[in-house]
Amino acid sequence: MISSLAKLALLFAGLSLLAIGGANSVVPEMQRVTVDVEHWMSGRDFLDLFAISRLAPGPGSLIVTLIGQHVAGPVGALVATLAMFGPSCLLVYIAAKLWHRARDASWRDTAERGLAPVAVGLVFASALALTRGTETAWAAYALTALATAALTATEVHPLIVLAAGGAAGVALHL
Amino acid sequence: MAGARGAGDRVTASRTAPPSPSLREIALVFLSIGVQSFGGGLSSWVRREVVQRRGWLEEQAFLSGLALCQITPGPNAVNLAVFVGATLRGRAGALAALAGMLIVPVIIVFALGAAFTTLRDAVWIESLMAGIGAAAIGLNFATALRMTRRGVRTPGGALVVIAATVSVGWLGVPLPLALVILLPASLACAVWRR
Numbered sequence: 215m216i217s218s219l220a221k222l223a224l225l226f227a228g229l230s231l232l233a234i235g236g237a238n239s240v241v242p243e244m245q246r247v248t249v250d251v252e253h254w255m256s257g258r259d260f261l262d263l264f265a266i267s268r269l270a271p272g273p274g275s276l277i278v279t280l281i282g283q284h285v286a287g288p289v290g291a292l293v294a295t296l297a298m299f300g301p302s303c304l305l306v307y308i309a310a311k312l313w314h315r316a317r318d319a320s321w322r323d324t325a326e327r328g329l330a331p332v333a334v335g336l337v338f339a340s341a342l343a344l345t346r347g348t349e350t351a352w353a354a355y356a357l358t359a360l361a362t363a364a365l366t367a368t369e370v371h372p373l374i375v376l377a378a379g380g381a382a383g384v385a386l387h388l
Numbered sequence: 595m596a597g598a599r600g601a602g603d604r605v606t607a608s609r610t611a612p613p614s615p616s617l618r619e620i621a622l623v624f625l626s627i628g629v630q631s632f633g634g635g636l637s638s639w640v641r642r643e644v645v646q647r648r649g650w651l652e653e654q655a656f657l658s659g660l661a662l663c664q665i666t667p668g669p670n671a672v673n674l675a676v677f678v679g680a681t682l683r684g685r686a687g688a689l690a691a692l693a694g695m696l697i698v699p700v701i702i703v704f705a706l707g708a709a710f711t712t713l714r715d716a717v718w719i720e721s722l723m724a725g726i727g728a729a730a731i732g733l734n735f736a737t738a739l740r741m742t743r744r745g746v747r748t749p750g751g752a753l754v755v756i757a758a759t760v761s762v763g764w765l766g767v768p769l770p771l772a773l774v775i776l777l778p779a780s781l782a783c784a785v786w787r788r
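Residue numbers (our numbering), protein chains in the order written: chain A, 215 to 388; chain B, 595 to 788.
The following block contains the structure:
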C-alpha cells in the first residue's frame, strides 16, 4: 500500500513537470506506466477512466485522481492529485511572482507584447489539433464551425452552445 | 453569478485602476468555471469570466500570463487558475482559484466513476460527448479569434500566430521545438516595434 502510494507520487510528480503543453501530452506515458509497467489496471480500465475524466467538467487532467482512486482508494486519489498539480502549480506560482515583481520594469510591456501572439497561436493550434484528432465526420466539423460562428458573432452563453452541441451529437449519432 | 449584464469585449477597453476582487469572489468565479466547462476549453472560460465580463485583467496581461502557463509544464487550465489568482491576490488568491476550480469537477468525477459501469453501456453518452466536444473546440476557436482581434496588433504578431497554429496544430511539431523558434522571434518583433 505504502509502496504503491510512493509510486503514484513519484510517477505523477515527474509527469507534472514533464507535461509541457498540458496534461494531454503525458497521457500516453500515464497509460504505459499504469498498464504495462505497474499492471495496476487493464488497457480497457485505463480507457474507461480516461472517458470518465472527459465526461466531467473542469480540467481533463483529473484522470490522475481516478487512477489514484483505482490504485489505492481515496488516499491514492489525494496523493495522485497533489503529485500531479503540486510541482507545476508551485512552478507557475513562482513564475507569476517574478512576473508580478517586474511589472514596472521597462522591458515588461515589450515582453507582454511578445508573449501575447504566442499564446493566441497556441490556442488556435490546440483547437486545430483537437479537431484533427477527434473529428472524422462532416457533421462534427460543421458543429465546430457553427459553434465558432455563434460564439464569435454573438454574445450567446457558451453553455447554451455546448448544450446544443450535445443535443446535435445525440440526434446525429456522432 | 454576477454576469447578467452580458458585457461584450468593450468593457475592458477603458483603462481604470485594476480591480481587486475578494478571495470569495475569486473562488466563486473559478467555481462557476469548474461547473460549466464541459468538454474542455478551460482557458476560454477563464478569459471570458476574468477578462471579458469582469475586467479583472486586461487582454495583454491575460495573454502574456496564458503564454507563461503554456510554457511552464503542467495542466494549462490549472496553471492559469494559479496565475490569475496569484496576480489578483497573491498566494491566497492562487489557492482560492485553484480550490474553486477543482472542487466540483473532482466530486463529479468520483460520482461518474461510481456510475460508470452503467454509463458505459449507454450508446448515446458517446454521441453526447462527441457533440459537446465539437462545440467546445468551437469555443476555443472563437476565443482565439477574439484574442487575435484584441491582442495581436502587428503584422509580426500575426505571422507568429499563423506559424504557431500551422506548426503545432497542423504539422504536429513538438511544442518545445516550436517554442524555441517562436518565442525569440515574437519577442524580437516586439522589441523591434518598440
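Beta carbons: idealized from backbone N, C-alpha and C, even for Gly. None of the values given here were measured: they were computed from a predicted structure.
Just the C-alpha distance for residue 603 (chain B) and residue 647 (chain B), rounded to the nearest angstrom, thanks. Position 9 of the second sequence holds residue 603 (chain B). Position 53 of the second sequence holds residue 647 (chain B). Confidence at residue 603 (chain B) is low in this model, with a pLDDT of 49, below 50, so its placement is unreliable and no value can be given for it.
Alpha-carbon spacing of residue 351 (chain A) relative to residue 721 (chain B), whole angstroms: Residue mapping note: residue 351 (chain A) aligns to position 137 of the first sequence, counting from 1. Residue mapping note: residue 721 (chain B) aligns to position 127 of the second sequence, counting from 1. If I take the Cα positions, the gap works out to 12 Å.
Proximal residues of chain A, C-beta to C-beta of residue 650 (chain B) below 9 Å: Locating residue 650 (chain B) in the second sequence gives position 56, where the first residue counts as 1. Those within 9 Å of residue 650 (chain B) in chain A number zero; the least Cβ separation is about 14 Å.
What would DSSP say about residue 314 (chain A), mapped onto helix, strand or coil? On the first sequence, residue 314 (chain A) is found 100 positions in, with the first residue counted as 1. Residue 314 (chain A): helix per DSSP, three-state reduction.
Starting from residue 234 (chain A) and walking both ways along the alpha helix (DSSP H), at which residues does that stretch end? Stepping through the first sequence from its first residue, residue 234 (chain A) is reached at position 20. No alpha helix (DSSP H) holds residue 234 (chain A); DSSP gives it neither H nor E.
Hey, how far is the Cα of residue 697 (chain B) from the Cα of residue 628 (chain B)? Counting from one through the second sequence, the residue named residue 697 (chain B) turns up at place 103. Counting from one through the second sequence, the residue named residue 628 (chain B) turns up at place 34. In this structure, the straight-line span from the alpha carbon of residue 697 (chain B) to that of residue 628 (chain B) is close to 8 Å.
With the cut-off set at 8 Å, would you say residue 684 (chain B) and residue 620 (chain B) are in Cβ contact? As a working mapping, residue 684 (chain B) is identified with position 90 in the second sequence. As a working mapping, residue 620 (chain B) is identified with position 26 in the second sequence. Going by C-beta atoms, residue 684 (chain B) is not nearer than 8 Å to residue 620 (chain B).
According to the Cβ coordinates, are residue 235 (chain A) and residue 759 (chain B) closer than 8 Å? Along the first sequence, one-based indexing puts residue 235 (chain A) at 21. Along the second sequence, one-based indexing puts residue 759 (chain B) at 165. Their beta carbons are not under 8 Å apart, which means residue 235 (chain A) does not touch residue 759 (chain B) by this criterion.
Give a yes or no on whether the minimum CB-CB distance between residue 327 (chain A) and chain B is below 8 Å. Within the first sequence, numbered from 1, the residue matching residue 327 (chain A) stands at position 113. Yes, residue 327 (chain A) lies at the interface with chain B (some Cβ there is under 8 Å from its Cβ).
Straight-line Cα distance separating residue 280 (chain A) from residue 707 (chain B): Counted from its first residue, the second sequence places residue 707 (chain B) at position 113. Counted from its first residue, the first sequence places residue 280 (chain A) at position 66. Distance from the CA atom of residue 707 (chain B) to the CA atom of residue 280 (chain A), rounded to whole angstroms, is 8 Å.
Kindly say whether residue 243 (chain A), judged by its beta-carbon, lies nearer than 8 Å to any beta-carbon of chain B. Counting from 1 along the first sequence, the entry for residue 243 (chain A) is found at position 29. Residue 243 (chain A) is outside the set of residues whose beta carbon lies under 8 Å from a beta carbon in chain B.
Listed by chain order, chain D residues near residue 691 (chain B) by CB distance under 8 Å: This model lacks chain D altogether; the protein chains it does include are A and B.
For a contact meaning CB atoms closer than 8 Å, what does residue 615 (chain B) contact in chain A? Taking the first residue of the second sequence as position 1, residue 615 (chain B) is located at position 21. Residues of chain A passing the Cβ test: none, with the nearest at roughly 16 Å.
Contacting residues, own chain, Cβ-Cβ under 7 Å from residue 316 (chain A) (five flanking each side not counted): Taking the first residue of the first sequence as 1, we reach residue 316 (chain A) at position 102. Hits under 7 Å: 322.
Please report the straight-line C-alpha distance between residue 341 (chain A) and residue 223 (chain A), rounded to a whole angstrom. Looking up residue 341 (chain A) in the first sequence gives position 127. Looking up residue 223 (chain A) in the first sequence gives position 9. In a straight line, the C-alpha of residue 341 (chain A) is about 31 Å away from that of residue 223 (chain A).
Closest to residue 745 (chain B) by C-alpha separation, out of B:637, B:653, B:643, would be which residue? Residue numbering aside, residue 745 (chain B) sits at position 151 when the second sequence is read from its first letter. Answer by Cα proximity: B:653.
By a C-beta neighbour count over all protein chains shown, 10 Å radius and 16 as the cutoff for buried, is residue 639 (chain B) buried or exposed? Translated into the one-based positions of the second sequence, residue 639 (chain B) becomes position 45. Sixteen is the threshold: when 16 or more other Cβ atoms of the shown chains lie within 10 Å of the Cβ of residue 639 (chain B), as they do, the residue is buried.
Report the CB separation of residue 679 (chain B) from residue 691 (chain B) in whole angstroms; it is logged as a contact under 8 Å. As a first step, residue 679 (chain B) must be located in the second sequence, where it is residue number 85. As a first step, residue 691 (chain B) must be located in the second sequence, where it is residue number 97. Taking a contact as a CB-CB distance under 8 Å, the pair residue 679 (chain B) and residue 691 (chain B) counts as one, their CB atoms being some 3 Å apart.
Cβ-Cβ distance between residue 734 (chain B) and residue 337 (chain A) below 8 Å: Position 140 of the second sequence, counted from the first residue, corresponds to residue 734 (chain B). Position 123 of the first sequence, counted from the first residue, corresponds to residue 337 (chain A). Yes, Cβ-Cβ distance for residue 734 (chain B) and residue 337 (chain A) is below 8 Å.
In chain order, what residues of the region 697-714 of chain B put their CB closer than 8 Å to some CB of chain A? Residues passing the 8 Å Cβ filter: 698, 699, 700, 702, 703, 704, 706, 707, 710, 713, 714.
Going by other Cβ atoms of all chains shown within 10 Å of its Cβ, with 16 needed for buried, is residue 705 (chain B) buried or exposed? Reading the second sequence from its first residue, position 111 is the one you call residue 705 (chain B). Looking at its Cβ environment, which holds fewer than 16 other Cβ atoms inside 10 Å, residue 705 (chain B) is exposed.
Excluding the 5 residues preceding and the 5 following residue 780 (chain B) in the sequence, name in chain order all residues of the same chain whose CB lies nearer than 6 Å to its CB. Walking along the second sequence from the start, residue 780 (chain B) turns up at place 186. Counting only Cβ-Cβ distances below 6 Å, and skipping sequence neighbours, we find 754.
Assuming residue 326 (chain A) and residue 655 (chain B) form a contact by the criterion Cβ under 8 Å, report the distance between their Cβ atoms to the nearest whole angstrom. In the first sequence, residue 326 (chain A) corresponds to position 112, counting from 1. In the second sequence, residue 655 (chain B) corresponds to position 61, counting from 1. The C-beta distance from residue 326 (chain A) to residue 655 (chain B) rounds to 7 Å, short enough to meet the 8 Å contact threshold.
Any beta strand (DSSP E) of 3 or more consecutive residues that is wholly inside the region 218-291 of chain A: If we require 3 residues or more, the region 218-291 of chain A turns out to have no beta strand (DSSP E) run fully inside it.
Delimiting residues of the alpha helix (DSSP H) encompassing residue 774 (chain B): On the second sequence, residue 774 (chain B) is found 180 positions in, with the first residue counted as 1. Its alpha helix (DSSP H) spans residues 769-787.
Please identify the residue among B:631, B:660, B:703, B:644 whose C-alpha is closest to the C-alpha of residue 613 (chain B). What you label residue 613 (chain B) is simply residue 19 of the second sequence in a count that begins at 1. Out of B:631, B:660, B:703, B:644, the CA that lies nearest to the CA of residue 613 (chain B) is found in B:644.
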